[in-house]
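> Chains as they are written, first to last, in this note's numbering: chain P, 1 to 633; chain W, 634 to 879. Questions regarding the structure given below will be posed in turn.
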Amino acid sequence: MTPDRIVGIDLGTTNSLVAFMQGESPVVIPGEDGVNLVPSVVALDERDQIIVGNAARKYLIETPERSVYSIKRLMGRGLEDIREELKLFPFHLADDLQAGEVLRITLGQKTFTPPEISAFILRQLKRNAERFFNAPVTKAVITVPAYFNDAQRQATKDAGRIAGLEVLRLVNEPTAASLAYGLDKKQNGIVAVYDLGGGTFDISILKLHDGIFEVIATNGDTHLGGDDIDNLLIKIAIDDILGDANLDVSRNGEIVATIRKAVIEAKIALSSESATELDIELPRGKRYQREITREQFEQLIQPIIDRTVGPCKQALKDAGLKPQQIDEVVLVGGSTRIPKVRALVEELFQRKPHTDLNPDEVVALGAAVQANILGGGSEATENMLLLDVTPLSLGIEVAGGVTDKIILRNSTIPASATQYYTTQIDGQANVAIHVLQGEREMAKDCRSLARFDLKGIPPMTAGMARIEVKFLIDANGILHVSAREQRSGKESEIEVQPSYGLTDDQVEGMILDSFDYAEEDFRQRQVIEARNEADTILAALEKGKKSPAWGNLTSDEKKKIAKLEKALIQVKSEDDHSAIRKAIELLNQGTMRLAELMMDTAVSTALKGKTMDEADMGEAPGVGHPVAKADFK
Amino acid sequence: MTIESNTSSLATIGETTSSCWSCGTMRAVQFCSACGKVQPPKPVDYFTFFALPRKLHLDTALLEREFYELSRKLHPDLCARADKREQEWSLEQSSLLNDAYRTLKDPIRRTEYLLRLEGVELEEQSKAATEKARSTGEIKKQVVPPDLLEEVFELNMQLEELRAQKKLGEDDPALVEEIGKQKLELEQKQDSLAEELKTYWSNWDELVDSGTEENRRKIRDKMLDLLNRRSYIRNLVRDVSEVLEN
Numbered sequence: 001m002t003p004d005r006i007v008g009i010d011l012g013t014t015n016s017l018v019a020f021m022q023g024e025s026p027v028v029i030p031g032e033d034g035v036n037l038v039p040s041v042v043a044l045d046e047r048d049q050i051i052v053g054n055a056a057r058k059y060l061i062e063t064p065e066r067s068v069y070s071i072k073r074l075m076g077r078g079l080e081d082i083r084e085e086l087k088l089f090p091f092h093l094a095d096d097l098q099a100g101e102v103l104r105i106t107l108g109q110k111t112f113t114p115p116e117i118s119a120f121i122l123r124q125l126k127r128n129a130e131r132f133f134n135a136p137v138t139k140a141v142i143t144v145p146a147y148f149n150d151a152q153r154q155a156t157k158d159a160g161r162i163a164g165l166e167v168l169r170l171v172n173e174p175t176a177a178s179l180a181y182g183l184d185k186k187q188n189g190i191v192a193v194y195d196l197g198g199g200t201f202d203i204s205i206l207k208l209h210d211g212i213f214e215v216i217a218t219n220g221d222t223h224l225g226g227d228d229i230d231n232l233l234i235k236i237a238i239d240d241i242l243g244d245a246n247l248d249v250s251r252n253g254e255i256v257a258t259i260r261k262a263v264i265e266a267k268i269a270l271s272s273e274s275a276t277e278l279d280i281e282l283p284r285g286k287r288y289q290r291e292i293t294r295e296q297f298e299q300l301i302q303p304i305i306d307r308t309v310g311p312c313k314q315a316l317k318d319a320g321l322k323p324q325q326i327d328e329v330v331l332v333g334g335s336t337r338i339p340k341v342r343a344l345v346e347e348l349f350q351r352k353p354h355t356d357l358n359p360d361e362v363v364a365l366g367a368a369v370q371a372n373i374l375g376g377g378s379e380a381t382e383n384m385l386l387l388d389v390t391p392l393s394l395g396i397e398v399a400g401g402v403t404d405k406i407i408l409r410n411s412t413i414p415a416s417a418t419q420y421y422t423t424q425i426d427g428q429a430n431v432a433i434h435v436l437q438g439e440r441e442m443a444k445d446c447r448s449l450a451r452f453d454l455k456g457i458p459p460m461t462a463g464m465a466r467i468e469v470k471f472l473i474d475a476n477g478i479l480h481v482s483a484r485e486q487r488s489g490k491e492s493e494i495e496v497q498p499s500y501g502l503t504d505d506q507v508e509g510m511i512l513d514s515f516d517y518a519e520e521d522f523r524q525r526q527v528i529e530a531r532n533e534a535d536t537i538l539a540a541l542e543k544g545k546k547s548p549a550w551g552n553l554t555s556d557e558k559k560k561i562a563k564l565e566k567a568l569i570q571v572k573s574e575d576d577h578s579a580i581r582k583a584i585e586l587l588n589q590g591t592m593r594l595a596e597l598m599m600d601t602a603v604s605t606a607l608k609g610k611t612m613d614e615a616d617m618g619e620a621p622g623v624g625h626p627v628a629k630a631d632f633k
Numbered sequence: 634m635t636i637e638s639n640t641s642s643l644a645t646i647g648e649t650t651s652s653c654w655s656c657g658t659m660r661a662v663q664f665c666s667a668c669g670k671v672q673p674p675k676p677v678d679y680f681t682f683f684a685l686p687r688k689l690h691l692d693t694a695l696l697e698r699e700f701y702e703l704s705r706k707l708h709p710d711l712c713a714r715a716d717k718r719e720q721e722w723s724l725e726q727s728s729l730l731n732d733a734y735r736t737l738k739d740p741i742r743r744t745e746y747l748l749r750l751e752g753v754e755l756e757e758q759s760k761a762a763t764e765k766a767r768s769t770g771e772i773k774k775q776v777v778p779p780d781l782l783e784e785v786f787e788l789n790m791q792l793e794e795l796r797a798q799k800k801l802g803e804d805d806p807a808l809v810e811e812i813g814k815q816k817l818e819l820e821q822k823q824d825s826l827a828e829e830l831k832t833y834w835s836n837w838d839e840l841v842d843s844g845t846e847e848n849r850r851k852i853r854d855k856m857l858d859l860l861n862r863r864s865y866i867r868n869l870v871r872d873v874s875e876v877l878e879n
């Protein structure tokens, strides 16, 4: 039996990657286009096919209402959580959405939940990995921001399931990054990981000790990242355009998307240039042009990047450390390419941060390392073990709307707490429990995770029941609750019903739905591949017709080839990949003699003292045949 | 606090004779010393989990080493390929390990935990107070330690005044400085209480093996009183910080 191939996936706000451990070092698996980064963009094309990644990017501008980006911002959140988000992002929510319900996004005529959209991205990464291994991939480690709460983690796990992946572990992004760094370094000390990505910010402080990566404190903001810089620049451009050209483009999705593309390019340019120009075409022949200097840019983004300071200080305080006690600082996330961000980190921790690994890839590489550890380890990961923490305190609402904290933030996970409950009135059969996550004193200021109903309590006089409720946060940072009534003689299990997120049945349904898209996806890919191959053989035939060998064919042979060529061109425009394959096969057979003659000509030319190149024999149709044939299977 | 378990359910273990479910060899409590398999968890107290006597002076460096060693045996990452049952045990065992380490490594939490094992509860964590608060809707309140009464009264007045000033958008620097000074004094008092606690630890540790119940009770009560005062001061410091920072 071959060992399980477990991949590591960085499911990012802006870009996603898949990596795996090749021998003793992690490598990123590129997509079909040879690019490592898969943009986290999903679009529905005019034929209702799901398009993901680079290919989906053009739809952001052409058909913004049929495309979506930064979906990670909506993972595990409800309508009531995202008011601010909706002002800044062109998310098209379904019209009939109710408060408390899992969000649904409209793409064309269809609606999808955030986990389903994330699943489309995951499935693309899965396919890339399967193409790379030429074998199925069903197990993965997926990274999440360290500061993700329970609902956001659960949503990510659901996305994995919908994509057909068994999620063996959710790993915190900064921790994953430290694994990738730790692999070469193998040293002891205190490391701070500053991770500013497209949509999230995390700071984690770790203690490295003989291969154990122990997180001592983490903090962050799940709604702070490069996106916020983009939105600020977009807003300035829209205001400028309104002022200069008296044109309100804020409701024009296409123009806003064009502006977004331009400001992102400008932002990236300003990491290496001292100035850059925005140049955007507007309707009615107008243009928006503006120069931005790095100095202006830095002034503009200062308030945004300053928001990372508080979490850093809190993490240091929680770890009981002074900045001078940090031995190494590691930068992660594309936004840490901004020189001003680097300067801020250097000032905060009073040392130069490490940037030797690509900040876009380091999280995926670390996920691959963790995947290797879970798979049983290898020489490179021997003795490596990750001890992570829960980023937020877990609490229960008690009388007066106060949060009673039962597991404190920065507790090493798995962690557990047991609470005892009783009944207030005679014969009471249910007890309601409100579970919260957060640091605030009052329940209303914390994130409500679930309102559990303990059901099926045996009838007893008030106060007699003794219900033991166990809260356990697993190594993924996900909460499990179990309850037992202890006084009723038999230790009856009590039904626990969560009130938030997707139910198991819903996820099952989505897995089934996703097969429709998966099949369509697959068929479409086969058609595209067959068409590409047809183009290759047709081009080779054109060259063959110009070679001296062509003259040696009989007119019957030429006629037959022409017929086969016409047939291939005909089926190529249709959507039946097996028909295209068949026509290719027939044309290949029909041109066999031409290929042989071309080889002969080439050989005799070579014998006359010319090289094959000079002879310009062209590419004989049959020569590429074996490779093409291998693809048929 | 991490747990609110009732002391009666905490069984002490003497089952060194039980054998590994997988290979049958005699085993350590959490994992088999012969084949390394994680064992089903037993309801043990945190001291027993680390095979420690119920003493309060504790070598935390040694505890940390032990924690790392046990993590390498019990963590779910190392059991990802084991059968479902062993994965479940690994999850429970390592959460017990983490809960135990977190409690024992911290001097205050360790003392509070030991007192609870001994059947005494801090005012703040008292079940009776919690249940009363739950049924009446009142927020749990602590009694002011008598020796702090005057000081606390004074400080609360000043805090009220500063809050009122801040509402109007102005604050008197002299008042801020005065409150800051008091906060510092309270923090120093907290530190000196922590030092004082250590002398009680020594008393306790001597009595664990040989002392009479009567003598142990005396020390327990002293530690309880000290922790109650300390938690009162800690809450006060938190209130002061809140007002100063807002």
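All C-beta atoms in this analysis are idealised placements derived from N, C-alpha and C, irrespective of residue type, glycine included. Quick caveat: nothing in here was measured; it's all calculated off a predicted structure.
Please classify W/His-690 as buried or exposed, where buried requires at least 16 neighbouring CB atoms within 10 angstroms.
Looking at its Cβ environment, which holds fewer than 16 other Cβ atoms inside 10 Å, W/His-690 is exposed.
> By DSSP, does P/Gln-187 sit in helix, in strand, or in coil?
Here P/Gln-187 sits in coil by DSSP.
> Give me, in chain order, the residues of the same chain whose beta-carbon lies closer than 6 Å to that of W/Phe-680; leave out the 5 immediate sequence neighbours on both sides.
These residues qualify, in order along the chain: Arg-687.
> Using the Cβ count rule (16 or more neighbours within 10 Å means buried), how would you classify W/Ala-733?
When all chains shown are included, W/Ala-733 counts as buried.
> Quick check: is the beta carbon of W/Asn-731 nearer than 7 Å to any beta carbon in chain P?
By this cut-off, W/Asn-731 is an interface position.
> Measure the beta-carbon distance from P/Ala-475 to P/Ile-373 and round it to whole angstroms, keeping in mind my assumption that it falls under 8 Å.
The Cβ separation is near 12 Å, so there is no contact.
> Is it buried or exposed, W/Ala-807, if we count other Cβ atoms within 10 angstroms and call 16 or more buried?
So W/Ala-807 counts as exposed.
> Could you say which of W/Asp-678, W/Pro-674, W/Leu-877, W/Tyr-865 lies nearest to W/His-779 if we only look at CA atoms?
A small fix is needed here, since residue 779 of chain W is Pro in this sequence, not His. Nearest C-alpha to W/Pro-779: W/Tyr-865.
> Less than 7 Å separating the beta-carbons of P/Asp-388 and P/Thr-258?
Not in contact: P/Asp-388 and P/Thr-258 (Cβ atoms no closer than 7 Å).
> Is W/Asp-739 close to chain P, meaning its C-beta is less than 7 Å from at least one C-beta of that chain?
No, W/Asp-739 lies away from the interface with chain P (no Cβ there is under 7 Å from its Cβ).
> How long is the line joining the alpha carbons of P/Pro-353 and P/Gln-302, rounded to whole angstroms?
Going from the Cα of P/Pro-353 to the Cα of P/Gln-302 covers about 19 Å.
> By the 7 Å beta-carbon criterion, what residues does the region 201-221 of chain P contribute toward chain W?
Answer set for the region 201-221 of chain P: His-209, Ile-212.
> Could you pull the DSSP bridge partners for P/Gln-437 from this structure?
Answer by DSSP bridge pairing, in chain order: P/Leu-394, P/Arg-447.
> So if I threshold CB-CB distances at 7 Å, which residues from the region 446-477 of chain P count as touching chain W?
So the list reads Leu-472, Asp-474, Ala-475, given in the order they occur along the chain.
> Work out the CA separation of P/Leu-103 and P/Leu-93 for me, nearest whole Å.
Using only the alpha carbons, I get a separation of about 7 Å.
> Using a Cβ-Cβ cutoff of less than 7 Å, which residues in the same chain neighbour W/Val-753 once the five nearest sequence positions on both sides are dropped?
Hits under 7 Å: Arg-853, Leu-857.
> I'd like to know if the region 227-240 of chain P and the region 257-276 of chain P are in contact, where contact means that at least 3 CB-CB pairs between them fall below 8 Å.
They touch, by the three-pair rule.
> Cβ of P/Ala-368 within 7 Å of Cβ of P/Gly-8?
Yes, these two residues count as a Cβ contact at 7 Å.
> Identify whether W/Gly-770 lies in helix, strand or coil by the three-state DSSP scheme.
In this prediction, W/Gly-770 scores a pLDDT of 48, lower than 50, which makes its location untrustworthy; the coordinate-derived value is nonetheless stated afterwards. In the structure shown, W/Gly-770 sits in coil (DSSP, three-state: anything other than H, G, I, E or B).
> What residues in the region 689-719 of chain W bring their beta carbon closer than 8 Å to a beta carbon of chain P?
Under the 8 Å Cβ criterion, the region 689-719 of chain W contributes Tyr-701, Ser-704, Arg-705, His-708, Pro-709, Asp-710, Leu-711, Ala-713, Arg-714.
> For P/Gln-274, list the residues DSSP reports as bridge partners.
The sequence given here has Ser at residue 274 of chain P, not Gln. Answer is none; P/Ser-274 lacks a bridge partner.
> At the 7 Å Cβ level, is P/Ile-142 part of the contact set with chain W, yes or no?
No - not a single Cβ of chain W is within 7 Å of the one on P/Ile-142.
> Taking the alpha carbon of P/Pro-114 as the point to measure from, which residue in P/His-209, P/Pro-136, P/Arg-153 has its own alpha carbon closest?
Nearest C-alpha to P/Pro-114: P/Arg-153.
> Mind checking which residues open and close the alpha helix (DSSP H) that includes P/Ser-482?
Counting along the chain, P/Ser-482 falls outside any alpha helix (DSSP H), though it belongs to the beta strand (DSSP E) covering 479-485.
> With a threshold of 8 Å, are at least 3 pairs of Cβ atoms found where one atom belongs to the region 437-445 of chain P and the other to the region 385-402 of chain P?
In short, these stretches touch, since the Cβ pair count reaches three.
> Shorter than 7 Å from the beta carbon of W/Ser-655 to some beta carbon of chain A?
Of the chains in the structure shown, none is chain A; the protein chains are P and W.
> Tell me, please, whether the CB atom of W/Val-727 is closer than 7 Å to any CB atom in chain P?
Correcting the residue identity first, residue 727 of chain W is Ser in this sequence and not Val. By this cut-off, W/Ser-727 is an interface position.
> Tell me, please, which residues DSSP counts as bridged to W/Val-677.
In the DSSP output, where bridge partners are listed per residue, W/Val-677 has none listed.
> Verify the CB distance criterion: does P/Ser-411 have a CB-CB separation below 7 Å to chain W?
Output row for P/Ser-411: interface = yes.
> Among the candidates P/Leu-472, P/Gln-370, P/Lys-126, whose CA atom is the shortest distance from the CA of P/Ser-25?
Nearest option by C-alpha distance: P/Gln-370.
> For P/Ile-457, does the three-state DSSP call read helix, strand or coil?
In the structure shown, P/Ile-457 sits in coil (DSSP, three-state: anything other than H, G, I, E or B).
> If you measure between the beta carbons of P/Asp-150 and P/Gln-437, is that distance less than 7 Å?
Yes, Cβ-Cβ distance for P/Asp-150 and P/Gln-437 is below 7 Å.
> Which residue spans inside the region 220-306 of chain P form an unbroken alpha helix (DSSP H) run of at least 4?
Counting whole runs of 4 or more residues, the region 220-306 of chain P contains the alpha helix (DSSP H) stretches 226-245, 253-269, 294-306.
> Does the beta carbon of P/Ile-82 come closer than 7 Å to any beta carbon on chain W?
No, because no Cβ of chain W sits closer than 7 Å to the Cβ of P/Ile-82.
> Does any residue of chain P have a CB that is nearer than 7 Å to the CB of W/Leu-724?
Yes, contact with chain P.
> Taking only the alpha-carbon atoms, compute the straight-line gap between P/Ile-280 and P/Arg-287 and give it to the nearest angstrom.
Spanning the two alpha carbons is a distance of roughly 6 Å.
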